[in-house]
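Student: Please read through the structure below; I'll follow up with questions.
Residue numbers (the numbering used here), protein chains in the order written: chain E, 1 to 648; chain X, 1001 to 1164.
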C-alpha cells in the first residue's frame, strides 16, 4: 500500500487507517547461524543464505605456516551500525509528465541513479533528468530506496509531482554498515617476521544485497592490513540475515577489517614480547615495495605516518610490556595505542567527465555530476579550475549536478572524487586555456605557448589583454567550451585490485585512561595522519581527516544497531548514540603528509576514507596497554571492559 | 475522533520573526518548524530527528535556544523568533558565520544553522565560554560530518570578535 496526500499530516493520518496483518516467519539475525544447516532461507530461490564468496591469495599458505615458529589465532567482530546523515535517507521530489521524468534527489551517484530509474520505468535514459541539490550528508547511505520507485510510479499514475519526506525512524531502516566477523591465523618467525596470514571473513549483508558484493570484496582485499606477508589467503563469505539491508558506508568493508588486523598485529607483537611499534616497523610495507600483482608499488611512508602520529599525542611509541592486570595505586589506568590503515586509492568507475565554459566576462562555469555531499568537492573543483587557468577563484562558478548535461561519473564514493573528477576538471580547464592562447596568438601575435594567464589577464611579451577582449573575437555565442576527462587505469587480468592508481594510508595514535572500577574511558589525546599527496584545499582536506575520525569514535565507543527477538531496538535518534562534541578530546591532532607524489591534480591522492578506520583498533590497543585486557568486539563499552577484567 | 477535530482548531498568533511582525491563524498541532519552513519559506531551519535530540532545527525564541520541531507555533505568540536567516545584518555576516566559513565549521551544512543558533544563544548567556563550556552547551547539536573541532574554534573566535 502506498499513500499520497496533499500534505504530510494528512498522509500520516491516512497511514494510521491502514491495518497490516503480519504472519511471523522464521528469521535469522546472525550471519554464522544463517549459514548453518537448517537455517531459515531468506530468498528461497537461492537455496541458501550465501550471497557471494570472494578471496585473495598469494604465495603458498601451507609453506608460510611451515616457516612460522609461532602461530596465533585471533577473532574480532564489528556490529552493524547506521550512517545517520543529518538529512534523513529517502527524500526526493519526482515529476513524471509527458513520458519524461524530472527527479530532484540527494544522492552520491546521479549518473547511475538516472539510468536505474529509466530502466525501471522502461524509458530511454535521456528521458530521466536528475538534479542533485546540496546533500545533507550521506556516508554511503544516499542511494535510491524502494520508496523512490514507489514515488515514480505514483507520479506517473496521478500526473503530479510527488515528494517524499522521510522521518528519522524510516531513515534508520533503509541502510546500515555490514556487521563482520574477522578470524585470523598468523604465522611469525621468532625474530618477529610475519610468514603467513590466513583470514576468514563473514560479512552480514542484511536482508538484501545493496552493497554486499562490494563490502565483501573490499573486506577481502583489505584484511591483510599494510604488512609484508609472503604467504596469504583471505576468504570472505557474504551472508543474508533478517536485518536492515547493509550498503556502502564510508570506507566500505574496511572499518571492520582494520579493526581486526590492527588489533591482531598488536596482540601478536605483545605475545612475542616485541613492542608493537617495533613489530610494525619491522613488517610494514615501505615505499617501493612490491604489493600484489596488478597494483602500484607501495607509494607512501608508514614510518613517517607512525612517527608523526605518536608525536601528535606526545608519545615515544613504547608500549607497557608487562603482563597481568596490575591494580596499581590509581583507579585510572593510562594506556596508549596506535593503528595503521591502507586502502586502494581511486577505485574503478570508468571515465569521469567535466565541462568548462568560459564566457565573455571571463567567468568560468564548471559542470559535472559529482554531488557536494559535505566533502567540499565543489570548492575543490573551483580551486583546481582557478589554479589551472590562472584566474581568481571568484571567477569560477561550480554548478550542482544535472544529468541533462550528459557528463558521466561513477559518483562521489570509493574516495575517487579528488582523483577522478579533479583530474577531469583540470583537463577541461587545461584545454580551455590552450584554446584561449591560440585565439589570443591568432588575434594579437606570438605563439600560443608564449601566452600566459596571470591574475585573470592574458599576457604576452610586454602586452596584456582582458579575457573578454579575446573571447569576443570569436563572435556567435561568445563562449569557449571544453570537455575534460579522466580514465581509470586499465584492469589487470586476474588482479583483485581493479583500476586503482595509488595507495591511501593513514596512521593514528591515542592516549587514554580507563577507570578500573567502572570501565569508563577518557580519551586524553588523539592524532591521525593521512597521506594527501597534496592537499588541494588544506582546511577542507583536514576537515575530512577530522570528520572521519569523529565518526570512527562513534564506531569505536558506542554505535551499533541492536536487534532483539526480531525487533530493531534502537532504530531512532533517541536510542542510537552518536558522537557529540564532548566525546572528542580537545587534544586532537590531525595532519597530512604532502609529498606531491599522487596521481591527482597537483600531486594529490584520495584521503577522505582513511581516518575513520584506525580509531577502533587504536583505542582497543590502548585499552590493552592500560589494563592488559583485549576487547574483541566493537563498540568498546565499559561493560565489555569490566567483563574482560573479570569484574562482572 | 473528537481529538482529530480539536487538532484542526486554529489560534490567532502574533509574533515577530527576524524582527518582522507576523500574525495569522495557526493550527493547534502546527509546529514552529512547519510555520517557518512551509509558510514563511525560511528553509534555513532544518528538520531532522523530530525528537529534540539533534539540534538541527534550533531557533531562538526570546533569545532562548528552542527545538522548533517540538515547539508549537502558537506557543510563540507574542514572542520574538530569530532564525539563521535573521543572523546576518543585510550582507554583513555575523562573526559566528564568518568564523564557521573560515574554519570549515560546516561540511554538509545540514546541522549548521542549528549549531550557529545554539552558539548565538550561548554567547548571549555567556560571552566568554571555555571550550569545555561550549562542548557542554552544544551537546544537543549533532554534527555527523564531525566538524566539532572547527565548530568549537569558530565559537571561540566569534566570542573574541563580539568583544571588539
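Note that the Cβ used here is the ideal one computed from N, Cα and C, for glycine as well.
Between E:485, E:451 and E:12, which lies nearest to residue 470 of chain E when the distance is taken from Cα to Cα?
Tutor: Per the Cα distances, E:451.
Student: Counting only beta-carbon separations shorter than 9 Å, does residue 244 of chain E have a partner in chain A?
Tutor: Protein chains E and X are contained in the structure displayed, whereas chain A is not.
Student: With a Cβ-Cβ cutoff of 9 Å, do residue 1139 of chain X and residue 582 of chain E count as a contact?
Tutor: yes
Student: Pick helix, strand or coil for residue 1133 of chain X, following the three-state DSSP scheme.
Tutor: When secondary structure is reduced to three states using DSSP, residue 1133 of chain X falls in the helix class.
Student: Using a Cβ-Cβ distance cut-off of 9 Å, determine whether residue 1139 of chain X contacts chain E.
Tutor: yes
Student: For residue 570 of chain E, I'd like the list of residues in its chain whose CB is within less than 6 Å of its CB, leaving aside the five on either flank, ordered along the chain.
Tutor: 562 and 576
Student: Opposite residue 633 of chain E in the DSSP bridges: which residues?
Tutor: E:77
Student: For residue 1002 of chain X, name the three-state secondary structure that DSSP assigns.
Tutor: For residue 1002 of chain X, the predicted structure reports a pLDDT of 43, less than 50, and the residue's modelled location is therefore unreliable. A value from the coordinates is still provided. It is helical.
Student: Classify residue 534 of chain E as helix, strand or coil using the three-state DSSP reduction.
Tutor: coil
Student: Measure the alpha-carbon distance for residue 339 of chain E versus residue 549 of chain E and round it to whole angstroms.
Tutor: The alpha-carbon atoms of residue 339 of chain E and residue 549 of chain E are separated by roughly 12 Å.
Student: Residues of chain X with CB under 7 Å from residue 580 of chain E, in chain order?
Tutor: 1139 and 1142
Student: Scan the region 304-378 of chain E and note each continuous beta strand (DSSP E) run of 3 residues or more that stays entirely inside, going in chain order.
Tutor: Qualifying beta strand (DSSP E) stretches, in chain order: 332-345, 352-359 and 364-367.
Student: Counting beta carbon pairs with one atom in the region 526-533 of chain E and one in the region 591-599 of chain E, are three or more of them shorter than 8 Å?
Tutor: Under the 8 Å Cβ criterion, the region 591-599 of chain E counts as touching the region 526-533 of chain E, having at least three qualifying pairs.
Student: Of the choices E:424, E:413 and E:361, whose alpha-carbon is the least far from that of residue 394 of chain E?
Tutor: E:361
Student: Who pairs with residue 206 of chain E in a beta bridge, going by DSSP?
Tutor: E:240
Student: Listed from N- to C-terminal order along the chain, which residues in the region 145-177 of chain E have their beta-carbon within a distance smaller than 7 Å of any beta-carbon of chain X?
Tutor: 167 and 168
Student: With H, G and I counted as helix, E and B as strand and the rest as coil, what does DSSP make of residue 651 of chain E?
Tutor: Outside the displayed range of chain E (1 to 648) lies residue 651 of chain E, so it cannot be described from this structure.
Student: Mind pulling the chain E residues with CB within less than 8 Å of residue 1057 of chain X?
Tutor: What residue 1057 of chain X touches in chain E: nothing, since even the nearest Cβ is about 11 Å away.
Student: Given this structure, state the Cα-to-Cα distance separating residue 32 of chain E from residue 278 of chain E, to the nearest angstrom.
Tutor: 36 Å
Student: Taking the beta carbon of residue 1089 of chain X as the centre, do at least 16 other beta carbons fall within 10 Å, making it buried, or is it exposed?
Tutor: exposed
Student: Got a sec: which bits of the region 540-574 of chain E sit with their beta carbon under 9 Å from any beta carbon on chain X, in order along the chain?
Tutor: Contact annotation: in the region 540-574 of chain E, residues whose CB is within less than 9 Å of a CB in chain X are 540, 542, 543, 544, 546, 547, 548, 549, 550, 551, 552, 553, 554, 572, 573 and 574.
Student: In chain order, which continuous runs of the beta strand (DSSP E) of length 3 or greater are located wholly inside the region 14-59 of chain E?
Tutor: 50-58
Student: Which value, in whole angstroms, describes the spacing of the CA atoms of residue 265 of chain E and residue 246 of chain E?
Tutor: Roughly 28 Å between the two C-alpha positions.
Student: Extract the residue ranges of the beta strand (DSSP E) inside the region 231-283 of chain E, only unbroken runs of 3 or more that lie entirely within it.
Tutor: 231-240
Student: Are residue 483 of chain E and residue 624 of chain E close, meaning C-beta to C-beta below 9 Å?
Tutor: no
Student: To the nearest angstrom, how far is the alpha carbon of residue 176 of chain E from that of residue 108 of chain E?
Tutor: About 16 Å.
Student: How should residue 99 of chain E be labelled, buried or exposed, when 16 other C-beta atoms within 10 angstroms of its C-beta is the threshold for buried?
Tutor: Here residue 99 of chain E is exposed, its C-beta having fewer than 16 other C-beta atoms within 10 Å.
Student: Could you compute how far the alpha carbon of residue 1076 of chain X sits from the alpha carbon of residue 526 of chain E?
Tutor: 44 Å
Student: Tell me whether residue 491 of chain E is buried or exposed, calling it buried when 16 or more other Cβ atoms sit within 10 Å of its Cβ.
Tutor: exposed
Student: Three Cβ pairs or more, each shorter than 8 Å: is that satisfied between the region 1086-1101 of chain X and the region 1150-1159 of chain X?
Tutor: yes
Student: Since residue 1109 of chain X meets chain E, which of its residues come closer than 8 Å, beta carbon to beta carbon?
Tutor: 134, 136 and 374
Student: Indicate whether at least one CB of chain X lies closer than 9 Å to the CB of residue 139 of chain E.
Tutor: Answer yes: the Cβ-Cβ gap between residue 139 of chain E and chain X drops below 9 Å somewhere.
Student: Short check: CB of residue 248 of chain E to CB of residue 216 of chain E, under 9 Å?
Tutor: no
Student: What are the boundary residues of the alpha helix (DSSP H) that includes residue 148 of chain E?
Tutor: 146-158
Student: Less than 8 Å between the CB atoms is what I'm expecting for residue 238 of chain E and residue 473 of chain E, so what's the real figure, rounded?
Tutor: Not quite, the Cβ-Cβ distance comes to about 60 Å (not below 8 Å), so this is no contact.
Student: For residue 85 of chain E, count the other beta carbons within 10 Å of its own beta carbon; 16 or more makes it buried, fewer makes it exposed. Which is it?
Tutor: buried
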